[in-house]
Amino acid sequence: PTSPVSSTGGRLFSRTAIVGLSSATFGDVRVGRAYTPFYVAWSAIDPMNAGLVGGAQNYAVGNNSRFDNALYYDSPKFYGFQLNAAYRLGESTTDSIAAGATEYGGNAYNGSLTYSAGPVPASYSYMNTRNATNTNTTRTNFAGAAYDLKFLKLHGLFFKTKDDGTVDQIAYGLGVTVPYGAFSFWGQAARIDNRYDR
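Here the sequence shown is numbered in my numbering, starting from 10 and rising by one per residue.
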């Protein structure tokens, strides 16, 4: 199966395309293409909000910002806690199927637990992704938190990614947000550590 494509062979819906149901009691269920819980978890902690050149998208190893052909669930918030989950069916998402694709190739799942009450937003996320031929699995963990002092907000992010081959990396960043009237000033320092060759 393939996704809808344009006459030039490109993706018709390259951003977000979903349909779903929402309930204050049971949460939200959606299907389609949307941001992964992993991306939502770290972008909420990133001082740049994943939108500027110094944002965590530039060092978030193992990051997968969107899933195609996926089922999403967001639980209701309970005392500031929320569970988010997604499962991707690894079918072809272009106008051609990858050579050697297998039944479970491309499958992925992702779960997050977030807390967003008071001055300390925090989140943890785990993502498991198989490649198209089901010969390699990538496992990524994220943990992060921020602390809002009103005059200053501190941010901390940690990523760990490992696959069945040569990828074994950790990345971490420390950031700050300083509000000043109608403006805000941001800063972030980050490091990626390749641990495979140790």
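Built from N, CA and C at the ideal position, the CB exists for glycine as well. Only a predicted model underlies this, so the values are computations on that prediction, with no experimental measurement involved.
Strand pairing of residue i, partner residues [DSSP]
{"i": "residue 57", "result": "DSSP output for residue 57 lists no bridge partner at all."}
{"i": "residue 194", "result": "187"}
{"i": "residue 119", "result": "95 and 136"}
{"i": "residue 63", "result": "Paired residue(s): none; residue 63 is not in a bridge."}
{"i": "residue 163", "result": "156 and 185"}
Element boundaries [beta strand (DSSP E), containing residue i]
{"i": "residue 76", "result": "75-83"}
{"i": "residue 44", "result": "36-44"}
{"i": "residue 29", "result": "26-32"}
DSSP-derived helix/strand/coil call for residue i
{"i": "residue 144", "result": "coil"}
{"i": "residue 176", "result": "coil"}
{"i": "residue 52", "result": "helix"}
For residue j and residue i, the rounded distance between their alpha carbons
{"i": "residue 114", "j": "residue 157", "result": "42 Å"}
{"i": "residue 168", "j": "residue 66", "result": "11 Å"}
{"i": "residue 196", "j": "residue 164", "result": "10 Å"}
{"i": "residue 123", "j": "residue 50", "result": "7 Å"}
{"i": "residue 64", "j": "residue 180", "result": "13 Å"}
{"i": "residue 36", "j": "residue 127", "result": "22 Å"}
{"i": "residue 93", "j": "residue 175", "result": "29 Å"}
{"i": "residue 102", "j": "residue 75", "result": "Unreliable positioning characterises residue 102 in this predicted model, as indicated by a pLDDT of 48, which lies under 50. A coordinate reading is not provided."}
{"i": "residue 34", "j": "residue 129", "result": "25 Å"}
{"i": "residue 96", "j": "residue 141", "result": "15 Å"}
{"i": "residue 125", "j": "residue 198", "result": "24 Å"}
{"i": "residue 161", "j": "residue 203", "result": "32 Å"}
{"i": "residue 7", "j": "residue 146", "result": "Limits of the chain in this structure are 10 at one end and 207 at the other, which puts residue 7 out of reach."}
{"i": "residue 25", "j": "residue 173", "result": "30 Å"}
Residue i Cβ short of 6 Å to the ligand GTP heavy atom set
{"i": "residue 177", "result": "As for the ligand GTP, it is missing from this structure, which has no ligand bound."}
Cutoff 7 Å: residue i Cβ touching any chain C Cβ
{"i": "residue 24", "result": "The question asks about chain C, but that chain is absent: this structure has only one protein chain."}
Indicate whether the contact test is met: 3 or more Cβ pairs, each with one atom in the stretch 79-88 and one in the stretch 181-188, closer than 8 Å.
no
Okay, do the stretch 86-99 and the stretch 53-69 touch, 3+ Cβ pairs below 8 Å being the bar?
no
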